[in-house]
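Chemist:
This is the structure:
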């Protein structure tokens, strides 16, 4: 199959490249854009480590081809903090509540939770658990992550009040 | 840390936020797959589709014809390059089991590595791997270790009866009297299923050979960078100083990344052959298929009691599956399982037998508490015994658990217990749970047809081994010319917060402000030797290394400050990165000013004091290790129609001595507990009857998710601090040791009305439903026959 030219806006920056049709969005971000914060934990859409926001929707970077993102806007974990480097509410909550240990799954949690709380800023505990169920963590037992999401939701609600 | 005293600011013991987090939360970490090198090539393995097969010809011509393919290596090409291949922790004097780089002559499990393809990209390397034509002649396999001793086929020709090795304690006859005279003898064979460590980051490395300088640089996802260096130097016959290993962020290890495995060996050999950089990043299918198995074992636990439930004897007859290529030598850990089996109990007699048995499956590797089966076998059998003797399981443990005032205590298998408080962990955990209230709730629920249960599990754990490669840990601490502090340590952090730990401890030991302290770990070119993460050793060993090194530096700072401030050394206090005179807070000098003198004004130093502000020292642990212990208490509800288990509460009473950082301690416990919950309920590296793996994706190998885990509650027992630095003991592995039997016992307790006895893991819904069905059928039969029991 012939290579394909794509243009993707990544974290607000326009990136153009000529790619093999089989190149995944995750590999495009990691290898072509040198954005290695998007991690590959399973490459079959189960672990969620490669989650990025594609036109705002949380998707698995390993299950989307770069050519499918042509013309779209992508936010990776590198694009979540403020322009001055200040951690977002979600990132800050993860830090304050020991929501990460090895940090490999963390970018996927940060992006997933960012989208989740945007769509549902006042989740119940069960909704939080369901919202996190597509992301696997092997270090924390999810204890700090659950606490971080509850805290981030509380902060967001306080800010918008 | 008595020797070096403490500054006014105390960080140890507090929930200091992690210094690792800022980079990891923003995608700025450096995991091994994030490393790229000029001209770097990518590796992919050709793996056997057969559990056992003779390897005939390997035709790589089509693969090599693919543009971008650089090499295809077979055993004939690479295996002869090995100079020495042994692990420092095991040594080269044990009867180690075979571990060829690429499978030579015979493939010994489905997934065994037969050839290595190196190409310009991983995509290309995978294409080429599919084009390598291997002529396999399938052979009868030994898929099941439990029947391997009598199998006709042999996994390794040189090992008759597929026996990798065995070890035993005192002969069973020598303690037979304890059983003969006992009021109750309870004997059960407990079976645990194969599980994987499954770090979220798979294995991987980048190995780069420089032909000009004859130097090897390895970027490794490892728990032990210095072990990788020593191993690689021996493997390639290089002087140790010609090998540099660099490790920054590691996405979990849990034992899987503690020593180089066969794929790592192949990539190291291939890099030298190719004279450049070669990257291999395992995919998840490979990880589940080939990165090693753990926990696959069974054992007959035999417990004897008097009529008051006093434990008289405890013995274990243990057999473990070591697969085809166990790494490292598995017999020693197997024997440890038997030696620790008597657990944290007052018991006079005990012994064990252990056998390590080969099968045509990947190979046993270390996984968080590699001997943990002893706790599963003992605690599950204890609960079975409690039911049979009609003694409450909490009360049975209360009668037999060791107390702090009984230390030191020698277990019947010769384990020298000391500095631990097992009974206190039980009492604290039961108090948090409110055991009596739960029993009342359980009785009420049963009245409504709901099945609630509670499970308890206690263990004693040898942490921080203090022998051989683990005996010492070094640190270098530099106060840089600006007054900022750098702490150099071997590292090997794989999520266990070793950077934060080092910064906390060093700030306290020097009297520096936390923000002024930084740490550099994981680069063998600049860090002192250390054995890395393993054996729950890092906390205590880093504390020791930092204490002895900072002590030297503190003495220098004090002497320099006394000279500068014209005060007595005895009156100098170090705090908040300043040296001040006691009782005169205005008379002080900052570390920055002292560093300026030490580096740039040698003439202003006290007479005879050497310039500079750095120290290197090495801590040697005393004794053989540090004993930690814990009690886990879990409650659950079982849906007796579907077999679904819902965990309700989970309490851990943990005695790991004093805590450097309670958040880190709790994180370690929680992670281990949830791995243990996975092992009890969900995870199974399953094989079909022929030895083909059937759990090679996360749709088949089920890790716990956020929807399954209970809130974990903690009781930190600090009544028996360790004898080492700070009173710290190990905490990395215990959660995974205590959890499986707590969960099993909770389920068994919930199902007690059905009279089921649980002896096999995992407790999948199907397994539970069939246990209930079988019990109902048995019960029906009993009724038909008039209930002869």
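Protein chains in written order, with the working numbering: chain A, 40 to 200; chain B, 6 to 794. Note that beta-carbon positions come from the ideal geometry of N, C-alpha and C, so glycine has one too.
1. What is the rounded straight-line gap between the Cα of residue 525(B) and the Cα of residue 140(A)?
2. Checking 8 Å against the spacing of the C-beta atoms, do residue 89(A) and residue 77(A) come in under that value?
3. Is residue 57(A) buried or exposed, if buried means 16 or more other CB atoms sit within 10 Å of its CB?
4. Closest to residue 164(A) by C-alpha separation, out of 713(B), 734(B), 761(B) and 757(B), would be which residue?
5. Three Cβ pairs or more, each shorter than 8 Å: is that satisfied between the region 106-121 of chain A and the region 59-76 of chain A?
6. Nearest by alpha-carbon distance to residue 304(B): which of 322(B), 253(B) and 728(B) is it?
7. What is the residue span of the alpha helix (DSSP H) that residue 529(B) lies within?
8. Could you check the C-alpha separation between residue 215(B) and residue 223(B) for me, to the nearest Å?
9. Suppose the cutoff is 6 Å on Cβ atoms and the five residues either side in sequence are ignored; what does the same chain contact list for residue 438(B) look like?
10. Span of the alpha helix (DSSP H) holding residue 342(B)?
11. Hey, does residue 184(A) have any beta-carbon neighbour from chain C nearer than 8 Å?
12. What whole-angstrom Cβ distance do residue 478(B) and residue 549(B) have, given they're in contact under 8 Å?
13. Using beta carbons (cut-off 8 Å, strictly below), is residue 52(B) in contact with chain A?
14. Mapping DSSP to helix, strand and coil, what is residue 794(B)?
15. Can you tell me which of the three DSSP states residue 495(B) falls into?
16. Quick one: measure Cβ to Cβ for residue 200(B) and residue 300(B), integer angstroms, because I've assumed they're closer than 8 Å.
17. Which ranges does the alpha helix (DSSP H) cover as unbroken runs of at least 4 residues, wholly within the region 297-321 of chain B, from first to last along the chain?
18. In whole angstroms, give me the CA-to-CA distance for residue 238(B) and residue 275(B).
19. Comparing alpha-carbon positions, which option in 606(B), 117(B) and 594(B) lies nearest residue 329(B)?
20. Determine the direct distance from the alpha carbon of residue 554(B) to that of residue 12(B), and round the result to whole angstroms.
21. Using 8 Å for Cβ pairs, my map puts residue 425(B) next to residue 633(B). What's the rounded Cβ distance?
22. Select from 520(B), 427(B) and 744(B) the residue whose C-alpha is nearest the C-alpha of residue 640(B).
23. Counting only beta-carbon separations shorter than 8 Å, does residue 13(A) have a partner in chain B?
24. Per DSSP, what kind of secondary structure is residue 262(B) in: helix, strand or coil?
25. Mind checking whether residue 271(B) and residue 134(B) have CB atoms under 8 Å apart?
26. Find out if the Cβ-Cβ distance for the pair residue 205(B), residue 61(A) is shorter than 8 Å.
27. Can you tell me which of the three DSSP states residue 165(B) falls into?
28. Can you tell me whether residue 259(B) is buried or exposed, with buried defined as 16 or more other CB within 10 angstroms of its CB?
29. Give, in chain order, every residue of the region 287-320 of chain B whose Cβ lies closer than 7 Å to some Cβ of chain A.
30. Counting C-beta neighbours from all protein chains within 10 Å, is the total for residue 7(B) 16 or more, i.e. buried, or is it exposed?
31. Does the Cβ of residue 587(B) have 16 or more other Cβ atoms within 10 Å, making it buried, or fewer, making it exposed?
32. Could you have a look at residue 323(B) and say whether DSSP puts it in helix, strand or coil?
33. Helix, strand or coil for residue 631(B)? Go by DSSP, reduced to three states.
34. How would you list, in chain order, the residues of chain B whose beta-carbon sits under 7 Å from the beta-carbon of residue 146(A)?
35. Given that a residue counts as buried once 16 or more other Cβ atoms are within 10 Å of its Cβ, and exposed if not, what is residue 546(B)?
36. Using a Cβ-Cβ distance cut-off of 8 Å, determine whether residue 492(B) contacts chain A.
Modeler: Reading from the atomic positions:
1. Within the second chain, the letter at position 520 stands for residue 525(B). Within the first chain, the letter at position 101 stands for residue 140(A). Distance between the alpha carbons of residue 525(B) and residue 140(A): 18 Å.
2. The residue given as residue 89(A) occupies position 50 in the first chain. The residue given as residue 77(A) occupies position 38 in the first chain. Cβ distance < 8 Å, so residue 89(A) and residue 77(A) count as in contact.
3. Start at 1 with the first residue of the first chain, and residue 57(A) comes out as number 18. That one is exposed.
4. For the purposes of this step, residue 164(A) is taken as the residue at position 125 of the first chain. Nearest of 713(B), 734(B), 761(B) and 757(B) to residue 164(A), Cα basis: 713(B).
5. These segments touch.
6. On the second chain, position 299 is the one that residue 304(B) refers to. Of 322(B), 253(B) and 728(B), the residue nearest in Cα terms is 322(B).
7. The count along the second chain starts at 1 and reaches residue 529(B) at position 524. It is not in any alpha helix (DSSP H) - residue 529(B) carries neither H nor E in the DSSP assignment.
8. As a working note, residue 215(B) is residue 210 in the second chain. As a working note, residue 223(B) is residue 218 in the second chain. Distance between the alpha carbons of residue 215(B) and residue 223(B): 11 Å.
9. The residue labelled residue 438(B) in the question sits at position 433 within the second chain. So the list reads 638 and 656, once near-sequence residues are dropped.
10. Translated into positions along the second chain, residue 342(B) becomes position 337. Taken as a continuous stretch (DSSP letters only), the alpha helix (DSSP H) holding residue 342(B) covers 336-345.
11. No chain C is present in this structure, whose protein chains are A and B.
12. One-based indexing of the second chain puts residue 478(B) at position 473. One-based indexing of the second chain puts residue 549(B) at position 544. Yes, they are in contact, since the Cβ atoms of residue 478(B) and residue 549(B) sit about 6 Å apart, within 8 Å.
13. Here residue 52(B) refers to the residue found at position 47 of the second chain. It does not: the Cβ of residue 52(B) has no partner Cβ on chain A nearer than 8 Å.
14. The count along the second chain starts at 1 and reaches residue 794(B) at position 789. Any reading at residue 794(B) must be qualified, since the residue scores a pLDDT of 35, below 50, and its modelled position is unreliable; the value itself is stated next. Correct three-state label for residue 794(B): coil.
15. Position 490 of the second chain, counting from 1, holds the residue named residue 495(B). Residue 495(B): coil per DSSP, three-state reduction.
16. Stepping through the second chain from its first residue, residue 200(B) is reached at position 195. Stepping through the second chain from its first residue, residue 300(B) is reached at position 295. So it is a contact: roughly 4 Å between Cβ atoms.
17. For the region 297-321 of chain B, not a single whole alpha helix (DSSP H) run of length 4 or above is found.
18. Translated into the one-based positions of the second chain, residue 238(B) becomes position 233. Translated into the one-based positions of the second chain, residue 275(B) becomes position 270. So the two alpha carbons sit approximately 14 Å from each other.
19. Here residue 329(B) is taken as the residue at index 324 of the second chain, counted from 1. Of the candidates 606(B), 117(B) and 594(B), the one whose C-alpha sits nearest the C-alpha of residue 329(B) is 117(B).
20. Numbered from its first residue, the second chain carries residue 12(B) at position 7. Numbered from its first residue, the second chain carries residue 554(B) at position 549. Low per-residue confidence applies at residue 12(B): pLDDT is 46, beneath 50, and the placement is therefore not dependable, though the value from the model is reported in the following sentence. Spanning the two alpha carbons is a distance of roughly 16 Å.
21. Along the second chain, read from residue 1 onward, the residue named residue 425(B) stands at position 420. Along the second chain, read from residue 1 onward, the residue named residue 633(B) stands at position 628. Between residue 633(B) and residue 425(B) the Cβ distance is about 7 Å, and since that is below 8 Å, they are a contact.
22. Working through the second chain from its first residue, we reach residue 640(B) at position 635. With distances taken between Cα atoms, residue 640(B) lies closest to 744(B).
23. As displayed, chain A neither begins before 40 nor continues past 200, which places residue 13(A) out of reach and without an answer.
24. In the second chain, counting from the first residue as 1, residue 262(B) sits at position 257. If DSSP states are grouped into helix, strand and coil, residue 262(B) belongs with coil.
25. To locate residue 271(B), count along the second chain from 1; it is residue 266. To locate residue 134(B), count along the second chain from 1; it is residue 129. It is not a contact, given that the beta carbons lie outside the stated cut-off.
26. Start at 1 with the first residue of the second chain, and residue 205(B) comes out as number 200. Start at 1 with the first residue of the first chain, and residue 61(A) comes out as number 22. The beta carbons of residue 205(B) and residue 61(A) sit no closer together than 8 Å.
27. The residue given as residue 165(B) occupies position 160 in the second chain. If DSSP states are grouped into helix, strand and coil, residue 165(B) belongs with the helices.
28. Taking the second chain and counting its residues from 1, the one referred to as residue 259(B) is at position 254. Per the 10 Å Cβ criterion, buried.
29. 288 and 289
30. Numbered from its first residue, the second chain carries residue 7(B) at position 2. At residue 7(B), the pLDDT of 35 sits below 50, so the modelled position is not reliable; the number obtained from the coordinates is stated separately. Exposed: under 16 other Cβ atoms inside 10 Å.
31. Within the second chain, residue 587(B) is the residue found at index 582, counting from 1. By the 10 Å Cβ count, residue 587(B) comes out exposed.
32. As a working note, residue 323(B) is residue 318 in the second chain. Here residue 323(B) sits in strand by DSSP.
33. To locate residue 631(B), count along the second chain from 1; it is residue 626. Of the three classes helix, strand and coil, the one that applies to residue 631(B) here is strand, per DSSP.
34. Locating residue 146(A) in the first chain gives position 107, counting from the first residue. Chain B residues near residue 146(A): 32.
35. Taking the second chain and counting its residues from 1, the one referred to as residue 546(B) is at position 541. Flag for residue 546(B) reads buried.
36. Residue numbering aside, residue 492(B) sits at position 487 when the second chain is read from its first letter. Judged by the 8 Å Cβ criterion, residue 492(B) is not in contact with chain A.
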